[in-house]
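Quick note, the sequence shown lines up with residues 0 to 441 if you use numbering that gives the first Met the number 0. Read through the structure below, which is laid out as structure tokens, and then see the notes.
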Amino acid sequence: MSQHVDVAIIGAGAAGVMTALKASANADLTIAVFEKDLREGANAAISSGSLAAGGTRFQREAGIEDSPEQHAADILEHSRDEAHADLVHAVCRVAPTMVEWLADELAYPIEIGLNLPRAGMAAIRLHSDVGRQGGVRLMRHLRDALGERDNVALVDGAPVVDLIGVDHVTGVVIEQNGVREEIRADTVVLAGDGFANNRELFARFCSELGEPVYAGVSTSTGDAVPWLEERRAVFANMGSCLRHGLVVADHGTRVSPSLQFYGAVWINTDGERFADEESIGYSPLAGVLFDQPGKRALMVWDDEAMAITQESELMRESIAAGAFGRARDVTELAERSRIDAKKLETALVAAPGRRQLSAPYHWAWLTHGVLTTQGGCEIDTLGRVLRDDGTPIPGLRAAGGTAVGISGPNSDGYMSGNGLLAAFGMGWIIGDDLAAAGVRRA
Ligand SMILES: Cc1cc2nc3c(=O)[nH]c(=O)nc-3n(C[C@H](O)[C@H](O)[C@H](O)COP(=O)(O)OP(=O)(O)OC[C@H]3O[C@@H](n4cnc5c(N)ncnc54)[C@H](O)[C@@H]3O)c2cc1C
């Protein structure tokens, strides 16, 4: 490979692959994507692959009214982070075009997820693959598409270990087979995700979350944090995470967030309902569970709810792991859960206007976990990394989990779909900008 490229991208996950796909539309650009560890891979590849977009033709065909503005309003209502409203609007604006492009240009089998309602969304807007295989299928598809671009080198097993240049970034240092090599680049894009699997950084920024189950990939070690610190980048929302309150205790698999819209209930170890199931997303639920006795709760649903949700990849994984129990009636549920039968009976009565569950029951013990961090370096709406004096660091861009997200200062602000939206959306914007600008542009 040449020792100089126009664009060097760090990480072949959601943000990195999208940046490369879009930038490669300019055939004059030479692009290299360096991936640390293909086998461990990206969070995007273990994600549900649910893509939030407001105003797509898939929604219109299903009679759903929505728009990028409504999408942005819902995110901001949750995140309460007006300081980053421009980023939220920027990614929401490109989201519908991006989802349609996946279908039309890349022939990805995508549909609106009519059985994927989520708390806080004014309209159904999660899009998913037909068949619900999730992020693994999406990332394989995108990587295959990238493989067809003549001007892109996708280099696996090549972690970036440093950046070249402090005031002006002019390349990356990669390591392969123990040998370090400098690759010069006019633009470097940080797309290596967050730091949820770096104990030291997690303790430094997210100590109030305790020691949650970590359900993301091992590669999220925040490699870019010290590089950014050295270059006087500003960080924001570093304590904010994509948490998950639907992690099955002792198994680490997750329950579908759709279940609670089909009558599923949460009951704590004292036999009490403690939250309105339809109005709490899975990230804030983690915080609510954290405050429950034993930091866990029983989730109960029935055959009808199971039938609607069981084809999702989350439910398939949990079923395969033997993470769910089944009880023929309240008495058996009480025996198995060790919660008082009378209290259970009361807790299982549907709230007004909600579906009443009927026996037999399915159940799982839920606990709280973390999937990714959501804070990162400040960027402008073209993904340029900003210094403490507000100026962009020449030659450096960031997208996805390395950059500040769109979920606000704490984990209650995460809305379903925000993670991939920030990564793919900003990757799309940066890639487009680089393609339009052509060679030799920071
Ligand atoms: C279990 C799970 C389910 C999720 N489900 C959803 C969902 O359905 N919808 C949604 O919107 N979000 C979801 N998310 C969040 C979403 O996956 C992430 O927010 C998103 O993948 C972040 O994109 P990224 O490109 O920043 O990072 P990633 O997709 O994680 O990719 C980063 C890549 O960079 C590589 N890398 C890291 N450091 C280096 C280095 N030094 N050199 C070279 N390469 C490096 C990594 O190996 C990795 O391949 C989920 C997350 C998890 C963990």
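Note that CB positions come from ideal geometry on N, CA and C, so glycine has one too.
Same chain, Cβ closer than 6 Å to residue i, neighbours up to 5 away in sequence not counted
{"i": "Asp290", "result": "none"}
{"i": "Ser311", "result": "Arg131 and Ser255"}
{"i": "Gly293", "result": "Thr268"}
{"i": "Glu180", "result": "Ile173"}
{"i": "Asp5", "result": "Leu28, Thr29, Asp185 and Val438"}
{"i": "Ala24", "result": "Ala434"}
{"i": "Ala349", "result": "Gln355"}
{"i": "Val159", "result": "Ile9, Phe33, Val171 and Ile173"}
{"i": "Leu215", "result": "Going by the sequence as given, residue 215 is Gly instead of Leu. Around Gly215: Asn42, Ala195, Leu370 and Thr371."}
{"i": "Gly209", "result": "none"}
{"i": "Arg148", "result": "Ser23"}
Collapsed DSSP secondary structure at residue i in the structure displayed
{"i": "Arg325", "result": "strand"}
{"i": "Leu28", "result": "coil"}
{"i": "Tyr261", "result": "helix"}
{"i": "Glu181", "result": "strand"}
{"i": "Val290", "result": "Reading the sequence as shown, one finds Asp at residue 290 and not Val. Note: Asp290 maps to coil in three-state DSSP."}
{"i": "Asn42", "result": "helix"}
{"i": "Ala61", "result": "coil"}
{"i": "Asn267", "result": "strand"}
{"i": "Pro391", "result": "strand"}
{"i": "Val98", "result": "helix"}
{"i": "His126", "result": "strand"}
{"i": "Ala422", "result": "helix"}
{"i": "His250", "result": "coil"}
{"i": "Gln175", "result": "strand"}
{"i": "Arg440", "result": "The predicted model places Arg440 with a pLDDT of 47, which falls under 50 and marks its position as unreliable; any figure quoted below should be read in that light. Residue state, collapsed to three classes: coil."}
{"i": "Thr18", "result": "helix"}
{"i": "Gly170", "result": "strand"}
{"i": "Leu343", "result": "helix"}
{"i": "Ala144", "result": "helix"}
{"i": "Phe273", "result": "coil"}
{"i": "Met120", "result": "coil"}
{"i": "Tyr413", "result": "coil"}
{"i": "Gly375", "result": "strand"}
{"i": "Val6", "result": "strand"}
{"i": "Gly400", "result": "helix"}
{"i": "Thr55", "result": "coil"}
CA nearest to the CA of residue i, picked from the options
{"i": "Glu271", "options": "Ala214, Arg325 and Thr345", "result": "Thr345"}
{"i": "Leu420", "options": "Val6, Ala13 and Asp5", "result": "Ala13"}
{"i": "Met97", "options": "Cys205, His126 and Leu162", "result": "His126"}
{"i": "Ser410", "options": "Val287, Lys342 and Met425", "result": "Val287"}
{"i": "Leu137", "options": "Met314, Gln2 and Met17", "result": "Met17"}
{"i": "Asp275", "options": "Glu110, Asp36, Pro351 and Thr372", "result": "Pro351"}
{"i": "Leu141", "options": "Glu104, Ala84, Val129 and Gly62", "result": "Glu104"}
{"i": "Glu277", "options": "Ala285, Gly221 and Leu258", "result": "Leu258"}
{"i": "Asn417", "options": "Ser49, Gln175 and Ile111", "result": "Ser49"}
{"i": "Gly324", "options": "Asp128, Asp155 and Leu297", "result": "Leu297"}
{"i": "Ala326", "options": "Ser357, Leu208 and Gly146", "result": "Ser357"}
{"i": "Val154", "options": "Asn114, Gln175 and Ala144", "result": "Gln175"}
{"i": "Ala144", "options": "Val212, Ala102 and Asp379", "result": "Ala102"}
Close beta carbons around residue i, own chain, < 8 Å, minus the five adjacent residues each side
{"i": "Pro393", "result": "Asp166, His167, Val168 and Ala441"}
{"i": "Arg386", "result": "Arg230, Arg231, Ala232, Val233 and Ile392"}
{"i": "Glu64", "result": "Gln58 and Ala122"}
{"i": "Tyr261", "result": "Trp300, Glu303, Ala304, Ile307, Thr308 and Arg354"}
{"i": "Arg198", "result": "none"}
{"i": "Glu110", "result": "Phe57, His126, Ser127, Asp128 and Val129"}
Contact check, residue i vs residue j, beta carbons under 8 Å
{"i": "Val224", "j": "Ala263", "result": "no"}
{"i": "His88", "j": "Met414", "result": "no"}
{"i": "Lys21", "j": "Trp427", "result": "yes"}
{"i": "Val403", "j": "Gly382", "result": "no"}
{"i": "Cys91", "j": "Pro108", "result": "no"}
{"i": "Ser239", "j": "Pro408", "result": "yes"}
{"i": "Gln373", "j": "Leu241", "result": "yes"}
{"i": "Leu37", "j": "Gly119", "result": "no"}
{"i": "Gly368", "j": "Gly193", "result": "no"}
{"i": "Ser336", "j": "His250", "result": "no"}
{"i": "Glu60", "j": "Ser217", "result": "no"}
{"i": "Val329", "j": "Leu347", "result": "yes"}
{"i": "Arg338", "j": "Ile266", "result": "It is Ile, not Arg, that sits at residue 338 in the sequence shown. Yes, Cβ-Cβ distance for Ile338 and Ile266 is below 8 Å."}
Whole-Å CB distance - residue i paired with residue j, under 8 Å assumed
{"i": "Ala94", "j": "Ala152", "result": "Not confirmed; about 28 Å, so no contact."}
{"i": "Ile405", "j": "His70", "result": "With a Cβ gap of about 11 Å, Ile405 and His70 do not count as contacting."}
{"i": "Val178", "j": "Thr366", "result": "About 43 Å; that fails the 8 Å criterion."}
{"i": "Ala72", "j": "Gly134", "result": "Contact flag wrong, Cβ pair sits at about 27 Å."}
{"i": "Ala248", "j": "Arg295", "result": "5 Å"}
{"i": "Arg79", "j": "Gly412", "result": "6 Å"}
Beta-carbon proximity list for residue i, same chain, < 7 Å, skipping 5 on both sides
{"i": "Ala398", "result": "Ala14, Thr18, Val188, Ala190, Gly382, Ala422, Met425, Gly426 and Ile429"}
{"i": "Leu162", "result": "Val168, Val171, Val187 and Trp226"}
{"i": "Asn150", "result": "Ser23, Ala26, Leu28, Thr29 and Ile30"}
Residue-level contact to chain B via CB, residue i, 8 Å cutoff
{"i": "Arg131", "result": "Although the question refers to chain B, the structure presented lacks it and comprises just one protein chain."}
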